[in-house]
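Step one of this worksheet: look at the structure below.
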Amino acid sequence: MRSAKAAALVAAVLLLSAITVVHAAEVVYDDFNDEALGTNLGGAAGTMSYDGNHDPQVNFVQGYEGKALALAYNIPTGQWCGYWSFFRSDEGGYDLRGYTDLQMWVRGASGGETFKVEMKDTSNKYRAIYITLAGGFENGAGTSWRKLVIPLYNFAPIVDLGNVKQMNVVFDRAPWQGTVYLDKIVFTTDSPARSTPAGLIVDDYNDGSGPNNLGGGCGSMDPFPDGGTEWIIENYAGEDEAYEGLGCLKLTYNRGSSSWVGYWSFLREDQQGMDVSGYRYLSMYVRGASGGEAFRVELKDSSGKTSKQNITGITTSWQEFRLDLSGFSGVSLNSLAMVNFIMDLSPNSGTVFIDLLRFVRDNENAVQPTENTIVRILPENREVRPRENFTVEIAVEPAAGVAGVQCTLRFNPQLLAVLDVQEGNFLKQGGAQSFFQVISVDNAAGRVEMVGVRINGTATSGGTFAVVRMVAKENQGTSQLWLENVVVGGENGQELPVSLRTASVSVVSYAPWDVNTDGKVDMQDLLAVIARWGQIGAPGWIAEDINRDGKINVLDLILIGQHWTG
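Going by the numbering used here, the sequence shown opens with residue 306, and the numbers climb by one from there.
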């Protein structure tokens, strides 16, 4: 029977035919020629600020091409304001996967004005990128019109580009007063398509600020910040100096004759441990301003245990350094909390550039083929409670017609278990028939293997290959979810190149909608949100900001209602 099934799979794959996918070359997000707030795609738009009283003043003036949006802002030092906008009138997701660039024309009234561009998806995951990383904007906006180009690749490690709902412009750096003009915001296919680097990316430094890609805080450290001869300056260099993407970390330091300085980063926003035991190496790209610089990489687990390895042999050219995780003795990789850089080696001073810090397996490289089919696990991050049932999806975004898929989903068996697996809609799109089989479920080892094939034709649009229903165990912690033994087949039985995306599931004692953490979702949680009604702040600044969008409103109440226990 097994050999017959295998023969059927091979035969089905050999029957496939190709279909070409064509994307529009450009979509105009907003050209402002209607002199009204609201995007060309039908989404609402408006202004915002940290307290609701410092919103930018909006005007429409002569632009680079037709009319332009003018944003005049004046905020106290250390605060923020900005401009928000939605893609769709229903605030749903918009698919940008067929595009490679975000472009807009920008100028400042005085020159030197700066801001960050924020993209947010329907899961409220967001990334904000400072324009000072982009070529031509290193010193902020100029007084003449210049085209700002931000490749969407830089948002992709965090934001689901298939479901982008919002784009914002935020002023939160000096100068704290100014006027910026924006015109013709478009999404284009001008740049070559690029895939996200493989592995678990801690930080690619492509946004110009913290937190890192995983949501953890980061920053420089000095044992004597108020005195002493040692010092360190943390900065972000732009795309002209980076190894990949828009930016890299730049650390200029002098540790004195016998002290030390460094840079710290947590893997999680809550500073708890993360399971990275499924990876072999900690990888990073490093170069020095002069060559000969050296530092140490320190791993710290959630119990406070630390271990270090040296980075030496730095030159003025980019090099990849792969540190075998087995060399960090005594540190629990099942609950790793921090990755730190410690400058306590000779020479005592210098400048180092660091890029693409990530955990990788044996066969994962930094640069992936540009036309890879992407196989990802969704959602990329979620929190569940002990004993809670939940689902994850294995999704496929084809770069070419796909006839069959096989894969093994891996997870931490101390935290999670698989209940069942169902086929998704990917291979069935267009009304086609398919064959789907769960080969094995091994909850003791933390793995489930599956295979599917389309009967006649190919799947050319993205979709869900499989839906895996899981349950959280009593133990708390974070389990990485990753894919192994992935084979995607094309029209003639040939293997197609793939890029894989990981995910994580955190088992916590209470869910975000249990605002008062009493183990129930009821009227008390509703009243807690009402008590904070209308307040705004940084995303997730209080527990009542359940959806972590920085605003207390009906969206937070909805999450309570949808998880009601009474």
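Beta carbons: idealized from backbone N, C-alpha and C, even for Gly.
Which residue marks the beginning of the alpha helix (DSSP H) containing residue i, and which one marks its end?
i	result
Q799	No alpha helix (DSSP H) contains Q799, which DSSP labels as neither H nor E.
V636	Careful: V636 lies outside any alpha helix (DSSP H) and carries neither H nor E.
Q867	859-867
Q840	From DSSP, Q840 is part of no alpha helix (DSSP H); its letter is neither H nor E.
V834	828-835
I believe residue i touches residue j by the beta-carbon criterion, under 8 Å. Please report the beta-carbon distance rounded to the nearest angstrom.
i	j	result
Y590	E625	5 Å
M424	V469	6 Å
E539	G524	6 Å
W385	S354	7 Å
T344	S390	5 Å
G567	M526	5 Å
L572	A642	6 Å
S428	P844	With 8 Å as the limit, S428 and P844 do not qualify as a contact, their Cβ atoms being about 13 Å apart.
I679	S809	Contact flag wrong, Cβ pair sits at about 18 Å.
Counting only the same chain and skipping the five closest in sequence on each side, list residues whose C-beta sits under 7 Å from that of residue i.
i	result
E849	V820, A833, V834, R837, I857, D861
L630	Y584, R585, Y586, L587, L638
Y548	Y590, W623, D660, L661
G533	G561, S564
G351	L342, W389
L319	A caution first: L319 carries a pLDDT of 39, below 50, which makes its placement in the model too unreliable to give a value.
L628	Y586, L587, V602, Q614
G441	R451
I863	none
Leaving aside the five residues before and after residue i along the sequence, list all residues of the same chain whose C-beta is less than 6 Å from its C-beta, in chain order.
i	result
R889	Past the boundaries of the shown model lies residue 889; the chain is included only from 306 to 871, so the question cannot be answered.
Y486	A373, A375, R412
N780	Q719, L720
H868	W818, V826
D465	D426
S496	T405, D406, P456
I619	V591, G593, E598
T713	R752, E754, E789, N790
N615	R601
F633	L604, S612
Is the beta carbon of residue j closer than 9 Å to that of residue i?
i	j	result
N748	V723	yes
T494	T405	yes
N639	G521	no
F695	V602	no
N511	L401	no
N761	Q738	yes
G387	N444	no
D356	I841	yes
T763	G706	yes
E688	S811	yes
Y378	P361	yes
M648	W569	no
G767	P703	yes
V793	G709	yes
I434	G515	no
K733	R759	yes
V332	V507	no
Which same chain residues end up closer than 8 Å to residue i when comparing Cβ atoms and leaving out the 5 residues on each side of it in sequence?
i	result
I865	W818, V820, V826, D830, L831, V834, I851
N653	N559, R560, G561, S562
Starting from residue i, follow the beta strand (DSSP E) in both directions and report where the run begins and ends.
i	result
S745	738-747
F664	654-665
S640	Looking at the DSSP string, S640 is not in any beta strand (DSSP E), and its letter there is neither H nor E.
R752	752-760
G524	523-526
Y815	Counting along the chain, Y815 falls outside any beta strand (DSSP E), and DSSP gives it neither H nor E.
S784	782-794
I506	505-508
F274	The first residue shown for the chain is 306 and the last is 871, placing residue 274 beyond what the model contains.
L630	Element bounds for L630: n/a, residue is neither H nor E.
E685	Premise fails: E685 is in no beta strand (DSSP E) and is neither H nor E.
Taking CB distances under 9 Å as the criterion, tell me whether residue i reaches chain D.
i	result
A414	Annotation note: the requested chain D is absent from the structure, which comprises a single protein chain.
Ignoring anything shorter than 3 residues, give me the beta strand (DSSP E) runs that lie fully in the stretch 535-618, in order along the chain. 536-542, 553-559, 566-570, 586-593, 600-606, 611-616
Give the list of continuous beta strand (DSSP E) stretches no shorter than 3 residues that lie fully inside the stretch 336-361. 350-354, all fully within the stretch 336-361.
Whole runs of the beta strand (DSSP E) within the stretch 360-415, excluding any shorter than 3 residues: If we require 3 residues or more, the beta strand (DSSP E) runs fully inside the stretch 360-415 come out as 362-367, 372-379, 386-391, 406-413.
Return the chain-ordered ranges of every beta strand (DSSP E) run that is complete within the stretch 410-465 and spans a minimum of 3 residues. The qualifying runs are 421-426, 431-435, 451-456.
Could I get the ranges of all uninterrupted beta strand (DSSP E) runs contained in the stretch 474-500, with 3 residues as the minimum, in chain order? 482-493
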